Amino acid sequence: MMWSTLSRSLSVALLLVVTSLVAACGGGGDGDEWTRVQQRAPVVIVQGRPYRLAGGLGHSLYVTPTGTVWSWGNNSQGQLGDGTTTQRLSPTQALGLTNITAVAAGNNHSLALRQGGTVWAWGGNGDGQLGEGTTTQRLVPVQVPGLSGVTAVAAGNLHSLALKSDGTVWAWGNNSYTQLGDGTTTARSSPVQVPGLSGVTAIAAGDSHSLALREDGTVWAWGANYNGQLGDGGTAMRYTPVRVSNLTGIVSIAGGGFHSVAVDSEGRVWAWGDNSRGQLGDEATAPSLAPVQVHGLSGIVVVASGTYHSVARHIDGSVWVWGDNGQGQTGQSVASPLRLPRPVPGASNVQAIACGNSYVLVGRSNAVVLGWGANTYGQLGNGSASWRPVPEQVQGLSDISAIAAGDVHALALQSDGTVWTWGDNTSGQLGDGTLTSGLLPVRVTTLSNVTAVAASNSHSLALKSDGTVWAWGDNSWGQLGDGLGSRRSTPGQVPEVKDATAIAAGTYHSLALKSDGTVWAWGDNSWGQLGDG
88 MMWSTLSRSL SVALLLVVTS LVAACGGGGD GDEWTRVQQR APVVIVQGRP YRLAGGLGHS
148 LYVTPTGTVW SWGNNSQGQL GDGTTTQRLS PTQALGLTNI TAVAAGNNHS LALRQGGTVW
208 AWGGNGDGQL GEGTTTQRLV PVQVPGLSGV TAVAAGNLHS LALKSDGTVW AWGNNSYTQL
268 GDGTTTARSS PVQVPGLSGV TAIAAGDSHS LALREDGTVW AWGANYNGQL GDGGTAMRYT
328 PVRVSNLTGI VSIAGGGFHS VAVDSEGRVW AWGDNSRGQL GDEATAPSLA PVQVHGLSGI
388 VVVASGTYHS VARHIDGSVW VWGDNGQGQT GQSVASPLRL PRPVPGASNV QAIACGNSYV
448 LVGRSNAVVL GWGANTYGQL GNGSASWRPV PEQVQGLSDI SAIAAGDVHA LALQSDGTVW
508 TWGDNTSGQL GDGTLTSGLL PVRVTTLSNV TAVAASNSHS LALKSDGTVW AWGDNSWGQL
568 GDGLGSRRST PGQVPEVKDA TAIAAGTYHS LALKSDGTVW AWGDNSWGQL GDG
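Written out as structure tokens, the structure is:
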């Protein structure tokens with residue numbers, strides 16, 4: 088066994104996972120009604136604070152508590168970020184993304200906000216909606232240059248928005264309906280500032296219109312307005328932001344396909360624009376050019392909206408839905424649209440809501456994700472491509488706070504501090520006391536109070552809350568740090584390492600970061616990977 092210490096002081100970044108009351112949504116289209124439903128897409132709202140679910144036209148995004156992004160559904164433009172264009176019926180990890188705090192999904196593109204305020208984008212880019220200065224499709228995430236200090240992102244059909252910490256709004260992508268708010272109809276492949284807006288705390292994007300919530304509780308809108316979705320009393324397209332009529336004290340906003348929704352500080356919900364499927368929730372079918380109150384709702388904290396349906400989360404964790412139900416997006420076993428809100432059976436203890444074009448995703452307090460509605464592209468993540476009228480759990484996402492992948496084995500850390508493993512076990516890397524490989528997760532029964540896990544070729548590491556490090560599996564190069572060379576099929580404590588705050592595993596070596604800023608290394612050093620000179 089070889090040991091090395093690095094005296095260089097290192098800063099330790101702690102990712103605080105705070106599950107907030109947040110939402111995202113999707114919707115879409117222009118042209119005739121069929122074109123709207125089939126080709127146009129999403130709308131994502133941002134509450135001015137991180138949210139972890141987003142739905143597009145046919146793809147979905149989820150941020151894990153550890154800041155990685157998982158995606159599923161349509162991938163024809165690379166919008167899942169996994170380096171392919173292969174459709175996924177269950178979650179796959181977007182490549183190269185860490186410390187992510189929020190996501191947004193457009194028609195065929197995706198956005199992610201990284202801790203520290205940078206924005207990353209991938210997928211379709213024909214209108215410059217990725218904001219990286221070209222119109223080149225990207226199968227893996229790329230950073231949007233020139234943006235820093237961003238606190239929220241939103242994605243419309245073919246355009247994108249970002250909110251900075253100074254209260255300014257930036258936009259890029261398609262601008263045919265003036266949805267970028269810069270006074271032109273010129274598409275932008277790089278972010279431009281929306282003039283005349285300051286003190287903004289939240290943003291939202293409809294199919295081809297945009298919304299901003301200011302710190303004084305007023306809502307401002309710009310872009311397409313043929314259904315009155317800007318709420319200014321008319322149907323004229325707006326090149327720059329205009330104030331939505333008669334709204335004050337607003338705390339949450341959402342952009343639907345051709346309508347908009349807002350929540351005020353008293354928990355009441357307001358809606359305006361297209362109402363052909365009852366998405367305004369006022370029992371009528373006529374559009375409204377100014378906000379009307381959604382009937383029968385109080386105690387609402389956040390809203391989301393799809394193309395023709397709307398969703399609200401109650402303070403008690405229940406979910407209420409109204410509008411189109413052609414593909415089960417209201418979560419009810421009925422065929423006709425709902426013109427008044429109804430609670431969704433089976434959707435309780437919900438903390439986050441998101442809408443795609445014709446489907447809904449919700450995140451429960453235990454990190455379980457449920458979905459219902461349209462599923463043509465597998466956007467519900469349940470392993471099938473059939474629509475569902477009632478909530479079903481997204482596969483592979485549960486109460487997991489961290490994951491680690493070895494060569495052919497994997498580890499998952501649950502929020503209760505227990506560790507679960509599966510895959511190859513020829514070197515005892517599953518830690519269950521055997522050398523038997525497993526196709527399903529098994530608990531490492533001798534570990535508890537674990538805060539982090541790491542895995543490499545054939546060995547595994549765990550960091551406990553008391554700062555001790557534990558290792559098991561292959562030990563041919565001393566990578567278990569116990570001074571021996573024999574494999575272990577159960578975890579053993581790494582001596583001499585205490586007060587650790589982070590761990591990492593190389594192919595045949597291991598690392599630990601201590602609270603005093605020093606780094607410790609052990610194991611194979613054939614290429615100088617221990618850093619001891």
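Sequence positions in the sequence shown follow this note's numbering and run 88 to 620.
Every residue, glycine too, gets a C-beta built ideally from N, C-alpha and C.
Since the structure is predicted, the reported quantities are computational estimates derived from the model, not experimental observations.
| Asked | Found |
| --- | --- |
| Reference Ala-40; option with closest CA among Gly-368, Gly-318, Trp-609, Arg-426 | Outside the displayed span of the chain (88 to 620) sits residue 40, for which this structure offers no information. |
| DSSP beta-bridge partners of Asp-669 | Nothing about residue 669 can be read from this structure; the chain reaches only from 88 to 620. |
| Reduced DSSP category for Ile-490 - H, G, I as helix; E, B as strand; rest coil | strand |
| Residue burial classification, Ile-402 (beta-carbon count within 10 angstroms, cutoff 16) | exposed |
| Classification of Glu-219 by the beta-carbon crowding that lies within 10 angstroms, buried from 16 upward | buried |
| Residue from Ala-181, Val-388, Gly-410 whose Cα sits closest to the Cα of Arg-400 | Val-388 |
| Alpha-carbon to alpha-carbon, Ala-242 and Thr-255 | 16 Å |
| For His-382, three-class secondary structure by DSSP | coil |
| Per DSSP, cross-strand counterpart(s) of Pro-430 | Trp-407 |
| Simplified DSSP state of Leu-184, which is helix, strand or coil | coil |
| Residue environment, Val-124, which counts as buried when at least 16 other CB atoms sit within 10 Å | Note that Val-124 has pLDDT 26, beneath the 50 cutoff, so the model's placement of it is unreliable and no number is given. |
| DSSP bridge partner residues for Val-556 (one or two, in chain order) | Leu-550 |
| Cα-Cα separation, Gly-268 to Asn-444 | 24 Å |
| Close beta carbons around Thr-173, own chain, < 7 Å, minus the five adjacent residues each side | Asn-162 |
| Val-421, buried or exposed, once every other Cβ within 10 Å from all chains shown has been counted against 16 | exposed |
| Supposed contact pair Val-447 and Gln-480 - C-beta distance, whole angstroms, cut 8 Å | Not really, about 14 Å apart at Cβ, beyond 8 Å. |
| 8 Å contact criterion, which Val-390 and Ser-435 should meet: CB distance rounded | Incorrect: roughly 18 Å between the Cβ atoms, too far for contact. |
| Distance, Thr-463 Cα to Gly-413 Cα | 13 Å |
| Validate contact between the region 551–562 and the region 513–531 using beta carbons, cut 8 Å, 3 pairs | yes |
| 6 Å CB neighbourhood of Lys-551 in its chain, flanking five on each side removed | Asn-536, Val-537 |
| Separation of Asn-612 from Gly-115, as counted between CA atoms | Because the pLDDT of Gly-115 is 32, which lies under 50, any placement of that residue in the model is unreliable, and the number read from its coordinates should be weighed accordingly. Distance between the alpha carbons of Gly-115 and Asn-612 is about 55 Å. |
| Lys-601: CB within 6 Å of a non-hydrogen atom of the ligand GTP | This structure simply doesn't include the ligand GTP, nor any ligand for that matter. |
| Every unbroken beta strand (DSSP E) inside the region 196–254 [3 residues or more] | 196–201, 205–210, 225–230, 237–242, 246–251 |
| Through-space distance from Thr-532 to Gln-501, alpha-carbon basis | 13 Å |
| Cutoff 8 Å; reference Val-279; Cβ partners in own chain excluding five residues on either side | Trp-257, Ala-258, Trp-259, Leu-267, Asp-269 |
| Under 7 Å between C-beta atoms of Gly-450 and Leu-140 | yes |
| Burial state of Gly-572, where buried means 16 or more other Cβ atoms lie within 10 Å | exposed |
| Distance between Thr-327 and Gly-283 (C-alpha atoms, nearest Å) | 8 Å |
| Residues near Gly-236 by beta carbon distance below 6 Å, same chain, minus five either side | Gly-204, Lys-251, Ser-252 |
| Rounded Cβ spacing between Thr-273 and Asn-262 (contact assumed at less than 8 Å) | 6 Å |
| Proximity below 7 Å, CB of Leu-600 to CB of Ala-542 | no |
| Under 7 Å between C-beta atoms of Gly-320 and Ser-332 | yes |
| Residue burial classification, Val-495 (beta-carbon count within 10 angstroms, cutoff 16) | exposed |
| Euclidean distance between Cα positions of Gly-213 and Leu-425 | 36 Å |
| Close-in-space but distant-in-sequence residues of the same chain around Gly-610 (CB under 6 Å, 5 per side omitted) | Trp-564, Gly-565, Gln-566, Tyr-595, His-596, Ser-597 |
| C-beta contact flag for Ser-392 and Val-348 at 7 Å | yes |
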